[in-house]
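*Asks:* Going by UniProt numbering, 73 is the number at position 73 of the sequence shown; the sequence numbering is gapless. Below: one structure in structure tokens.
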Amino acid sequence: MPKPRYKTTNWKQYNKALINRGSLTFWIDEEAIRQWKQSKQDKRGRPRQFSDLAITTALMVKRVFSMPLRALQGLIDSVFSLANVPIVCPHYS
């Protein structure tokens, strides 16, 4: 049985819906920012330590978007920079 076809009558609304289909919105909670916990690392030595919240959030985004870890790090860092949030994503390794 073929898929039914419908006649589009409101093209303005239809075009807007197609544009919004590609929209991506992230909400960053203030409490999550406080719990992200990262220690500064300005020199060689022990790497930064991140909270469990930071790691599970990153892995959840990885699972949702089926991304490799390096691409995930770039995505999360770019979201934080666009939102003017002074935190970084956990390193992919």
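A virtual CB, placed ideally from N, CA and C, is assigned to each residue, including glycine.
1) For Arg34 and Ala58, I'd like the C-alpha separation in whole angstroms.
2) Given this structure, state the Cα-to-Cα distance separating Ala83 from His91, to the nearest angstrom.
3) Indicate the three-state DSSP secondary structure (helix, strand or coil) for Trp27 in the structure shown.
4) State buried or exposed for Ile19, treating a residue as buried only when at least 16 other CB atoms are found within 10 Å of its CB.
5) According to DSSP, is Asn15 helix, strand or coil?
6) Quick one, which of Lys62, Ala32, Ser66 and Lys16 has its alpha-carbon nearest Phe50's?
7) Candidates Leu75, Trp36 and Gly45: which alpha carbon is nearest Ile55's?
*Replies:* Quick answer:
1) Within the model, the alpha-carbon separation for Arg34 versus Ala58 is close to 16 Å.
2) When only Cα atoms are considered, Ala83 and His91 end up about 19 Å apart.
3) It is coil, neither helix nor strand.
4) Flag for Ile19 reads exposed.
5) Reduced to three states, the DSSP call for Asn15 is helix.
6) Here the closest residue by C-alpha is Ala32.
7) The option with the nearest alpha carbon to Ile55 is Trp36.
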